[in-house]
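Chemist: This is the structure, below, for whatever I ask next.
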Amino acid sequence: MQFGIFTVSDITQDPTDGTTPSEAERIRATLRIAKHAEEVGLDVFALGEHHNPPFWSSSPTTTLAYIAAQTERLILSTATTLITTNDPVKIAEDYAMLQHVSGGRTDLMIGRGNTGPVYPWFGKDIRQGLPLAIENYNLLHRLWRGDVVDWEGQFRTPLQGFTSTPRPLDGVAPFVWHGSIRTPEIAEQAAYYGDGFFANNIFWPKEHYQRLIQLYRQRYAHYGHGTPEQAIVGLGGQVFMAAKSQDAVKAFRPYFDNAPVYGHGPSLEDFSEMTPLTVGSPQQVIDRYAAMRDTYGDYQRQLFLMDHAGLPLKTVLEQLDILGGEVVPVLRKELQKNRAPEVPDAPTHANLVAAAYGGEAPRQAVPGANRGDNLVGTSPYQDAVPTAGSAAGAPAGAAFGLGRKEA
665 MQFGIFTVSD ITQDPTDGTT PSEAERIRAT LRIAKHAEEV GLDVFALGEH HNPPFWSSSP
725 TTTLAYIAAQ TERLILSTAT TLITTNDPVK IAEDYAMLQH VSGGRTDLMI GRGNTGPVYP
785 WFGKDIRQGL PLAIENYNLL HRLWRGDVVD WEGQFRTPLQ GFTSTPRPLD GVAPFVWHGS
845 IRTPEIAEQA AYYGDGFFAN NIFWPKEHYQ RLIQLYRQRY AHYGHGTPEQ AIVGLGGQVF
905 MAAKSQDAVK AFRPYFDNAP VYGHGPSLED FSEMTPLTVG SPQQVIDRYA AMRDTYGDYQ
965 RQLFLMDHAG LPLKTVLEQL DILGGEVVPV LRKELQKNRA PEVPDAPTHA NLVAAAYGGE
1025 APRQAVPGAN RGDNLVGTSP YQDAVPTAGS AAGAPAGAAF GLGRKEA
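In the working numbering, the protein residues as written are 665 to 1071.
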């Protein structure tokens, strides 16, 4: 299993002292949090995408590329990448590039986004959220798997003979999780493609997410990707810890009570009972999250929300020390016990490459001669099998009808 943290990049007033960090302070704090996640032994750091205050993460790939340069083994992911308001062509290019600069330590979580005003800012209509998610991901999936794509849909201009560059690292697309809070169509989409399904699992009772995950597992098997138990599942989570549970509750209560998302609603005690939020001792967190397998089956990734609601950087780093030092090592052992041998490991670039190539050398995409365009008709890469009139064998200038005559 993989364990890590995710952030929604909120900039929230600390209710205990009334201070609010600047954007610059919050960005620097998040970079420090990501590096500390690796230092304490976590596997994944995931960053949300937002385009409205009070959130700062409008460019996840820029941020994650910087973190990649500051770390050695941390997997960089998103939580989420907006498949609805981003152009799939730009997503294909940006995340393939992030793959390369991170040495393969990249995957992404695709999501619709639920902030209505964002859609018109990017020329979209939130009422078309689901059709956009379905159509845009279909194009993204094709762009990463075909050197040349002809495509026409409802929501963007057609493509003819288009090549997305750079090609995915080693010829293997970044692994995709489809993230959802409540939408069965997204579970269906994840199953159709054989991708991962990430259940947010921080706002709703477990029965809600049980239904979504069960649907995903059943449909994953229906589409022939494996058994239901072999489907790739990730879960969100939320904790706050102290050596004594009463100290954790006392320290976290003002942040919970004033949190922008769920503050001024159910009590901390009621919300903790209804959702996976666990505020208490490290052992209480271990007990509750070790039991997630009883609810959802064996799964591959567990991410925790740790830095929201105005919690100061010092507190977040202390929480990561407890998570990485006391909680995750025990959870790794507990969730590995009696794990069926057919349950797959969490996806990594290395095991995706191994599955695609076996013992053979992976693809290293080498373009042919520079033609000055991106409309080739057939693959412009040297390892593609040339055909009569193909781009690989076309003389310089052929794209403009200026091919040289043979002497």
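Where a beta carbon is used, it is the ideal one built from N, C-alpha and C, also for glycine. Nothing here was measured: the structure is a model prediction, and the numbers come from that model.
#1: Hey, residue 854 and residue 860: beta-carbon distance below 8 angstroms or not?
#2: Ordered along the chain, which non-local residues of its own chain (more than five positions away) have a Cβ less than 6 angstroms from that of residue 776?
#3: Do the segment 676 to 691 and the segment 971 to 981 touch if we need at least three Cβ pairs shorter than 8 angstroms?
#4: Going by beta carbon distance, what residues of the same chain come within less than 7 angstroms of residue 882, once the five residues before and after it are set aside?
#5: Residues in the same chain with beta-carbon distance under 6 angstroms from residue 822, minus the five sequence neighbours each way, listed in chain order, please.
#6: Can you tell me the Cα-Cα spacing of residue 670 and residue 1033, whole angstroms?
#7: What's the call for residue 726, buried or exposed, on a 16-neighbour Cβ count within 10 Å?
#8: Tell me whether residue 925 is buried or exposed, calling it buried when 16 or more other Cβ atoms sit within 10 Å of its Cβ.
#9: Mind reading off the beta-carbon distance from residue 713 to residue 684? Whole number of angstroms is fine, and I expect it under 8 angstroms.
#10: With three or more C-beta pairs closer than 8 angstroms as the rule, is the segment 719 to 739 touching the segment 754 to 768?
#11: Please go through the same chain and pick out, in chain order, the residues whose beta-carbon is closer than 6 angstroms to the beta-carbon of residue 1077, but skip the five residues on each side of it.
#12: When we look at the beta-carbon of residue 966 and count the other beta-carbons within 10 Å, is it buried (16 or more) or exposed?
#13: Buried or exposed for residue 788, going by 16 or more other Cβ atoms inside 10 Å?
#14: Looking at C-alpha atoms only, which residue of 987, 1000, 708 and 818 is the closest neighbour of residue 907?
#15: Between the beta-carbon of residue 912 and the beta-carbon of residue 945, is there less than 8 angstroms?
#16: Quick one, are the C-beta atoms of residue 870 and residue 735 less than 8 angstroms apart?
#17: Give a yes or no on whether 8 angstroms exceeds the smallest Cβ distance from residue 803 to chain C.
#18: Counting only runs that start and end within the segment 756 to 786, where is the alpha helix (DSSP H) found for 4 or more residues in a row?
#19: Tell me the DSSP secondary structure of residue 842 in three-state form.
#20: So residue 814 and residue 824 are supposed to be a Cβ contact under 8 angstroms. How far apart are they, rounded?
#21: Among residues of its own chain, excluding the 5 on either side of residue 702, which ones have a beta-carbon nearer than 6 angstroms to its beta-carbon?
#22: Can you name, in chain order, every residue of its own chain whose Cβ lies under 8 angstroms from the Cβ of residue 909, other than the five neighbours on each side?
#23: Roughly how many angstroms separate the alpha carbons of residue 957 and residue 758, rounded to a whole number?
#24: Have a look at 873, 928 and 962 and flag the residue whose alpha-carbon is nearest the alpha-carbon of residue 1005.
#25: Helix, strand or coil for residue 727, going by three-state DSSP, please let me know.
#26: Per DSSP, residue 863 forms a beta bridge with which residues?
#27: Taking Cβ positions, are residue 698 and residue 709 nearer each other than 8 angstroms?
#28: Alpha carbon to alpha carbon, how far is residue 1011 from residue 1025? Give it in angstroms, no decimals.
#29: Within 10 angstroms of its Cβ, does residue 934 collect 16 or more other Cβ (buried), or is it exposed?
#30: I think residue 839 touches residue 903, with their Cβ atoms under 8 angstroms apart; what is that distance to the nearest whole Å?
#31: Note down, in chain order, each residue of its chain lying with its Cβ closer than 6 angstroms to the Cβ of residue 938, except the 5 sequence neighbours on either side.
#32: Got a sec, what are the start and stop residues for the beta strand (DSSP E) residue 944 sits in?
#33: CA-CA distance, residue 1001 and residue 818?
#34: Given this structure, state the Cα-to-Cα distance separating residue 932 from residue 862, to the nearest angstrom.
#35: Which residue from 858, 848 and 886 puts its Cα closest to that of residue 876?
Modeler: Judging by the given coordinates:
#1: Against the sequence shown, residue 854 aligns to sequence position 190. Against the sequence shown, residue 860 aligns to sequence position 196. By the CB criterion at 8 angstroms, residue 854 and residue 860 fall inside the cutoff.
#2: For the purposes of this step, residue 776 is identified with residue 112 of the sequence shown, where counting begins at 1. Excluding positions up to five away in sequence, the list reads 748, 793 and 797.
#3: Yes: at least three Cβ pairs fall under 8 angstroms.
#4: If you number the sequence shown from 1, residue 882 lands on position 218. The beta carbon of residue 882 is closer than 7 angstroms to those of 892 in its chain, skipping five residues each way along the sequence.
#5: For this step, residue 822 is matched to residue 158 along the sequence shown. If we look at residue 822 and ignore the five residues flanking it on each side, its Cβ neighbours are 816.
#6: Walking along the sequence shown from the start, residue 670 turns up at place 6. Walking along the sequence shown from the start, residue 1033 turns up at place 369. Residue 670 and residue 1033: Cα-Cα distance of roughly 43 angstroms.
#7: As a working mapping, residue 726 is identified with position 62 in the sequence shown. Per the 10 Å Cβ criterion, exposed.
#8: Position 261 of the sequence shown holds residue 925. Around the Cβ of residue 925, a 10 Å sphere holds fewer than 16 other Cβ atoms; the residue is exposed.
#9: For the purposes of this step, residue 713 is taken as the residue at position 49 of the sequence shown. For the purposes of this step, residue 684 is taken as the residue at position 20 of the sequence shown. About 22 angstroms separates the Cβ atoms of residue 713 and residue 684, ruling out a contact at the 8 angstroms cut-off.
#10: With the cut-off at 8 angstroms, the segment 754 to 768 and the segment 719 to 739 touch.
#11: No answer is possible for residue 1077: the residues shown for the chain start at 665 and end at 1071.
#12: Locating residue 966 in the sequence shown gives position 302, counting from the first residue. Residue 966 comes out buried.
#13: Against the sequence shown, residue 788 aligns to sequence position 124. Counting Cβ neighbours within 10 Å, residue 788 comes out buried, since at least 16 surround it.
#14: Position 243 of the sequence shown holds residue 907. Comparing Cα positions, the closest option is 987.
#15: Along the sequence shown, one-based indexing puts residue 912 at 248. Along the sequence shown, one-based indexing puts residue 945 at 281. Yes, these two residues count as a Cβ contact at 8 angstroms.
#16: Residue 870 sits at position 206 when you count from the first residue of the sequence shown. Residue 735 sits at position 71 when you count from the first residue of the sequence shown. Cβ atoms of residue 870 and residue 735: not closer than 8 angstroms.
#17: Within the model displayed, chain C is absent; a lone protein chain is all it includes.
#18: Along the segment 756 to 786, the alpha helix (DSSP H) occurs as fully enclosed runs of 4 or more residues at 782 to 785, listed in sequence order.
#19: Residue 842 sits at position 178 when you count from the first residue of the sequence shown. Secondary structure at residue 842: strand, using DSSP grouped into helix, strand and coil.
#20: The count along the sequence shown starts at 1 and reaches residue 814 at position 150. The count along the sequence shown starts at 1 and reaches residue 824 at position 160. About 5 angstroms; that satisfies the 8 angstroms criterion.
#21: For the purposes of this step, residue 702 is taken as the residue at position 38 of the sequence shown. So the qualifying residues of the chain are 735 and 738.
#22: Counted from its first residue, the sequence shown places residue 909 at position 245. Hits under 8 angstroms: 943, 944, 945 and 948.
#23: Here residue 957 corresponds to residue number 293 of the sequence shown, with the count starting at 1. Here residue 758 corresponds to residue number 94 of the sequence shown, with the count starting at 1. Taking the straight line from one Cα to the other gives about 35 angstroms.
#24: To locate residue 1005, count along the sequence shown from 1; it is residue 341. Nearest C-alpha to residue 1005: 962.
#25: Here residue 727 refers to the residue found at position 63 of the sequence shown. Secondary structure of residue 727 (DSSP, three-state): helix.
#26: Taking the sequence shown and counting its residues from 1, one reaches residue 863 at position 199. Secondary-structure assignment with DSSP links residue 863 through a beta bridge to 844 and 899.
#27: Here residue 698 corresponds to residue number 34 of the sequence shown, with the count starting at 1. Here residue 709 corresponds to residue number 45 of the sequence shown, with the count starting at 1. With respect to the 8 angstroms criterion, residue 698 and residue 709 are classified as neighbours on the basis of their beta carbons.
#28: As a working mapping, residue 1025 is identified with position 361 in the sequence shown. As a working mapping, residue 1011 is identified with position 347 in the sequence shown. Taking the straight line joining both Cα atoms gives about 19 angstroms.
#29: Taking the sequence shown and counting its residues from 1, one reaches residue 934 at position 270. Of the residues assessed, residue 934 falls on the exposed side of the cut-off, its CB having fewer than 16 other CB atoms within 10 angstroms.
#30: Mapped onto the sequence shown, residue 839 falls at position 175. Mapped onto the sequence shown, residue 903 falls at position 239. Rounded to whole angstroms, the Cβ separation of residue 839 and residue 903 is 25 angstroms, and the two are not in contact under 8 angstroms.
#31: As a working mapping, residue 938 is identified with position 274 in the sequence shown. In the same chain as residue 938, and ignoring 5 residues on each side of it, the C-beta atoms closer than 6 angstroms to its own belong to 869, in chain order.
#32: Mapped onto the sequence shown, residue 944 falls at position 280. Unbroken beta strand (DSSP E) run through residue 944: 942 to 944.
#33: Translated into the one-based positions of the sequence shown, residue 1001 becomes position 337. Translated into the one-based positions of the sequence shown, residue 818 becomes position 154. Spanning the two alpha carbons is a distance of roughly 48 angstroms.
#34: Along the sequence shown, read from residue 1 onward, the residue named residue 932 stands at position 268. Along the sequence shown, read from residue 1 onward, the residue named residue 862 stands at position 198. Their Cα atoms are separated by approximately 25 angstroms.
#35: Taking the sequence shown and counting its residues from 1, the one referred to as residue 876 is at position 212. Among 858, 848 and 886, the Cα nearest to that of residue 876 belongs to 848.
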